[in-house]
Amino acid sequence: MKSDVVKKGVERAPHRSLLYALGCSAEEMDKPFIGIVNSFSEIVPGHKHLRDISEAVKGGVRAGGGVPFEVNTIAVCDGIAMNHPGMKYSLPSRELIADSVEIVAEAHSFDALVFIPNCDKVIPGMMMAAVRLNVPAIFVSGGPMLRGYLPTDKGMSKVDLSSVFEAVGRVASGQMTERELAELEQLACPGCGSCAGMFTANTMNCLTEALGLGLPGNGTIPAVDARRRELARSAGERVMKLLAEDIRPRDIIDRDSLQNAFTVDVALGGSTNSVLHLMAIAYEAKVDFPLARLNEISENTPQLCQIRPAGNHHIEDLDRAGGITAVMGELKDLLKLEARTVSGKTVGGVVAGRRVVDEEVIRSRKTAYSDRGGLAILFGNLAPEGAVVKRSAVSPEMMVHRGPARVFNSEEEATRAIMAGEIKVGEVLVIRYEGPRGGPGMREMLTPTSLLAGMGKDKEVALITDGRFSGATRGAAIGHVSPEAATRGPIAAVISGDIINIDIPGHRLEVELDKGEIARRLANLGEFESRVKSGYLRRYAEKVSSASTGAVFLEGKQA
Numbered sequence: 011m012k013s014d015v016v017k018k019g020v021e022r023a024p025h026r027s028l029l030y031a032l033g034c035s036a037e038e039m040d041k042p043f044i045g046i047v048n049s050f051s052e053i054v055p056g057h058k059h060l061r062d063i064s065e066a067v068k069g070g071v072r073a074g075g076g077v078p079f080e081v082n083t084i085a086v087c088d089g090i091a092m093n094h095p096g097m098k099y100s101l102p103s104r105e106l107i108a109d110s111v112e113i114v115a116e117a118h119s120f121d122a123l124v125f126i127p128n129c130d131k132v133i134p135g136m137m138m139a140a141v142r143l144n145v146p147a148i149f150v151s152g153g154p155m156l157r158g159y160l161p162t163d164k165g166m167s168k169v170d171l172s173s174v175f176e177a178v179g180r181v182a183s184g185q186m187t188e189r190e191l192a193e194l195e196q197l198a199c200p201g202c203g204s205c206a207g208m209f210t211a212n213t214m215n216c217l218t219e220a221l222g223l224g225l226p227g228n229g230t231i232p233a234v235d236a237r238r239r240e241l242a243r244s245a246g247e248r249v250m251k252l253l254a255e256d257i258r259p260r261d262i263i264d265r266d267s268l269q270n271a272f273t274v275d276v277a278l279g280g281s282t283n284s285v286l287h288l289m290a291i292a293y294e295a296k297v298d299f300p301l302a303r304l305n306e307i308s309e310n311t312p313q314l315c316q317i318r319p320a321g322n323h324h325i326e327d328l329d330r331a332g333g334i335t336a337v338m339g340e341l342k343d344l345l346k347l348e349a350r351t352v353s354g355k356t357v358g359g360v361v362a363g364r365r366v367v368d369e370e371v372i373r374s375r376k377t378a379y380s381d382r383g384g385l386a387i388l389f390g391n392l393a394p395e396g397a398v399v400k401r402s403a404v405s406p407e408m409m410v411h412r413g414p415a416r417v418f419n420s421e422e423e424a425t426r427a428i429m430a431g432e433i434k435v436g437e438v439l440v441i442r443y444e445g446p447r448g449g450p451g452m453r454e455m456l457t458p459t460s461l462l463a464g465m466g467k468d469k470e471v472a473l474i475t476d477g478r479f480s481g482a483t484r485g486a487a488i489g490h491v492s493p494e495a496a497t498r499g500p501i502a503a504v505i506s507g508d509i510i511n512i513d514i515p516g517h518r519l520e521v522e523l524d525k526g527e528i529a530r531r532l533a534n535l536g537e538f539e540s541r542v543k544s545g546y547l548r549r550y551a552e553k554v555s556s557a558s559t560g561a562v563f564l565e566g567k568q569a
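So the mapping is simple: the working numbering equals the position in the sequence shown, first residue as 1, plus 10.
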């Protein structure tokens with residue numbers, strides 16, 4: 011066992027003494043040591059119940075003959091960090107999470123790992139660590155939050171966190187009172203779990219199943235459901251079998267599993283952030299997966315679900331309809347069915363016999379919401395390395411758009427202009443210097459997009475940025491524009507009034523400037539100077555790579 015280096019031999023007597031101090035018995039020195047990597051936090055609603063999940067996992071590990079040791083990582087609540095400097099730390103936390111797992115797992119020589127994530131950056135950060143360490147591992151999330159209900163004159167309205175963000179725009183435009191907003195904000199998030207729609211956390215938890223790292227139900231069983239604890243115990247038992255059979259994350263994560271994940275992703279209409287995170291996981295797993303490949307997958311994959319913010323269903327509806335395995339069953343001719351999973355079965359074995367219970371929540375291929383998937387990668391002279399859009403959340407009239415640029419050099423500038431009612435119909439808002447290096451930290455911009463949606467302008471105005479969007483964003487919001495402005499990507503050359511062409515069906519994002527003019531403007535720009543001069547963000551900005559490669563730290567060289 012890997013853990014023998016801390017518990018076997020005469021020279022390990024001091025180590026055993028410390029383990030006895032933890033309450034270990036002499037008998038347990040002959041058993042596998044299993045790290046339970048928990049992201050419990052009292053500041054993140056998705057994580058406040060994870061001690062309970064961890065106890066269930068430990069029970070499963072003990073039943074399987076292992077000795078569990080719980081350790082922790084940090085976690086950031088993107089909703090609480092939104093629209094202030096704290097959001098600069100959200101994406102960078104992903105790298106810290108991956109690194110911290112590596113440190114504690116290697117320092118203590120765990121034989122296997124059970125990961126307990128639940129929110130946006132924790133899930134991919136832990137996945138990156140899992141494939142990097144490559145010891146037997148399994149994931150069990152804390153599960154999604156239930157939706158809230160708001161009494162109205164027409165009955166009970168289904169609400170979630172996205173409803174609150176958009177309500178701010180309605181208040182700003184006089185369509186809603188602050189008193190009504192106060193009532194909504196108290197009812198939208200009724201308890202623990204990852205926010206109730208197909209936002210980034212739930213997208214990534216669902217894709218854990220598609221990748222093969224989580225058991226069926228991991229993405230959709232609600233946080234408060236007793237089945238969630240049963241799943242956690244099963245994960246603890248299952249990791250012991252993975253260890254016995256020596257099945258490791260890199261036996262599971264390969265080109266086929268990544269193709270399966272992207273296929274399920276676009277069928278669900280998942281968060282644009284999933285592209286960033288799956289590319290980062292591919293990098294850690296040393297799998298070459300070109301970004302343009304996503305368009306090929308999306309063009310051939312129907313969109314079977316419309317979960318909030320694209321539609322009116324929530325994750326709890328998806329769970330009742332049959333969950334991710336039911337979605338995969340509908341897509342089985344598009345999936346790599348021989349791909350392995352932590353269940354011990356192939357993907358084909360996992361989806362066999364699974365059925366759709368509610369055909370409105372999970373549609374068939376014949377009745378799909380769209381014959382193409384919910385995500386698209388755009389290329390062009392404004393985004394040579396690509397940009398990402400959640401086309402399932404874009405209004406039909408904005409799929410193709412041509413309009414004058416309105417340029418802002420920060421999210422705050424754009425938000426002030428929107429709140430002041432200064433945005434004109436047809437404009438294309440350009441928010442730059444918000445990329446991985448420029449931000450630094452590639453902030454999510456749920457506030458400006460929600461303001462536009464709440465004001466009813468999401469069908470009139472487009473927004474492009476080298477930053478990111480929340481999975482709760484809807485409208486013609488195009489993010490991850492690469493290269494970013496801070497590295498002198500073409501977005502840095504745009505000035506207000508330039509005409510921008512957006513063609514989502516054609517996968518194009520262009521500014522009506524020739525190459526020479528773009529080059530001249532870029533040459534006249536001064537050297538980029540980071541807004542952050544100290545601390546972790548300074549080090550992050552120096553090392554982070556482009557969004558097109560997953561915003562990872564490239565090994566052996568500066569980004």
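Backbone N, C-alpha and C fix where the C-beta goes; we use that ideal spot for every residue, glycine too.
These numbers were taken from a predicted model, which means no experiment stands behind them.
Determine the extent of the beta strand (DSSP E) in which residue i is found, giving its start and end residues.
i: ALA415; result: 410-418
i: ALA619; result: Nothing can be reported for residue 619: it is not among the residues displayed for the chain, which extend from 11 to 569.
i: ASN48; result: 43-48
i: ILE509; result: 509-513
i: SER308; result: Unbroken run through SER308 is the alpha helix (DSSP H), 303-309; no beta strand (DSSP E).
i: PHE149; result: 147-149
i: HIS490; result: 487-492
i: ASN283; result: Premise fails: ASN283 lies in the alpha helix (DSSP H), 283-294, not in any beta strand (DSSP E).
i: LEU223; result: Where LEU223 is concerned, there is no enclosing beta strand (DSSP E), given that its DSSP letter is neither H nor E.
i: LYS251; result: Counting along the chain, LYS251 falls outside any beta strand (DSSP E), though it belongs to the alpha helix (DSSP H) covering 236-255.
i: ALA143; result: Ala is not the amino acid found at residue 143; the sequence shown has Leu there. Taken as a continuous stretch (DSSP letters only), LEU143 belongs to no beta strand (DSSP E), being part of the alpha helix (DSSP H) at 132-143.
i: GLU80; result: 77-82
Excluding five sequence neighbours on each side, which residues of the same chain lie with their C-beta closer than 7 Å to the C-beta of residue i?
i: ALA198; result: GLY158, VAL169, ASP170, LEU171, SER173 and VAL174
i: ALA336; result: ARG364, ARG365, VAL366 and ILE372
i: ALA85; result: SER49, SER51, VAL54, HIS57, CYS129 and VAL132
i: THR351; result: GLY222, ILE262, VAL357 and VAL360
i: GLY332; result: ARG364, ARG365, VAL366, VAL367 and ILE372
i: THR559; result: MET289 and TYR293
Would the beta-carbon of residue i fall within 9 Å of that of residue j?
i: GLY74; j: GLU247; result: yes
i: HIS118; j: SER267; result: no
i: SER509; j: PRO414; result: Note on identity: in this sequence residue 509 is Ile, with Ser being the wrong assignment. Yes, these two residues count as a Cβ contact at 9 Å.
i: HIS287; j: GLY152; result: no
i: GLY70; j: ALA245; result: yes
i: SER480; j: GLU520; result: no
i: HIS324; j: GLY396; result: no
i: GLY45; j: PHE79; result: yes
i: ALA495; j: ASP476; result: yes
i: GLU10; j: GLY383; result: The structure shown does not extend to residue 10, since the chain is modelled only from 11 through 569, so no value can be given for it.
i: MET155; j: GLY201; result: yes
Let's see if you can read the secondary structure: which residues bound the alpha helix (DSSP H) around residue i?
i: THR425; result: 421-429
i: HIS57; result: Here HIS57 belongs to no alpha helix (DSSP H), and DSSP marks it neither H nor E.
i: LEU461; result: 456-464
i: PHE270; result: The residue asked about is misnamed: residue 270 is Asn in this sequence, not Phe. 265-278 is the span of the alpha helix (DSSP H), which, as asked, contains ASN270.
i: ALA393; result: That residue, ALA393, is in no alpha helix (DSSP H); its beta strand (DSSP E) goes 393-400.
State the Cα-Cα distance for the pair residue i and residue j, rounded to the nearest angstrom.
i: ALA182; j: GLY56; result: 29 Å
i: GLU537; j: PRO500; result: 15 Å
i: GLU422; j: ASN93; result: 8 Å
i: ALA211; j: GLY203; result: 10 Å
i: ASP275; j: GLU37; result: 45 Å
i: GLU255; j: LEU344; result: 29 Å
i: MET186; j: PRO127; result: 36 Å
i: GLU432; j: LEU462; result: 12 Å
i: GLU105; j: VAL562; result: 8 Å
i: ARG26; j: VAL398; result: 51 Å
i: PRO226; j: LYS296; result: 26 Å
i: PRO450; j: VAL285; result: 19 Å
Please list, in chain order, all residues of the same chain as residue i whose beta carbon is under 6 Å from its beta carbon, the five residues on each side excluded.
i: HIS411; result: ALA472 and ILE512
i: ARG498; result: LEU532
i: ALA403; result: PRO319, ALA320 and ARG484
i: PRO89; result: Note on identity: in this sequence residue 89 is Gly, with Pro being the wrong assignment. Cβ within range, chain order: LEU171.
i: LEU564; result: SER555
i: LEU28; result: none
With 9 Å set as the bound, which would you pick, yes or no: does the beta-carbon of residue i sit closer than that to a beta-carbon of chain C?
i: LYS469; result: In the displayed structure, chain C is absent; only one protein chain is listed.
For residue i and residue j, which I take to be in contact (beta-carbon distance under 8 Å), what is that distance rounded to the nearest angstrom?
i: GLU240; j: GLY229; result: Going by Cβ atoms, the distance from GLU240 to GLY229 rounds to 15 Å, so no, they are not a contact pair.
i: MET465; j: GLY179; result: 5 Å
i: ILE514; j: LEU392; result: That belief does not hold up - the Cβ atoms of ILE514 and LEU392 are roughly 14 Å apart, past 8 Å.
Can you list, in chain order, the residues of its chain whose CB lies under 8 Å from that of residue i, leaving out five sequence neighbours each side?
i: LEU194; result: LEU160, VAL169, SER173, VAL174 and ALA177
i: ARG142; result: ALA108, GLU112 and GLU294
i: GLU348; result: ASP266, THR356, VAL357 and GLY358
i: THR457; result: MET92, ASN93, PHE175, VAL178, GLU421 and THR425
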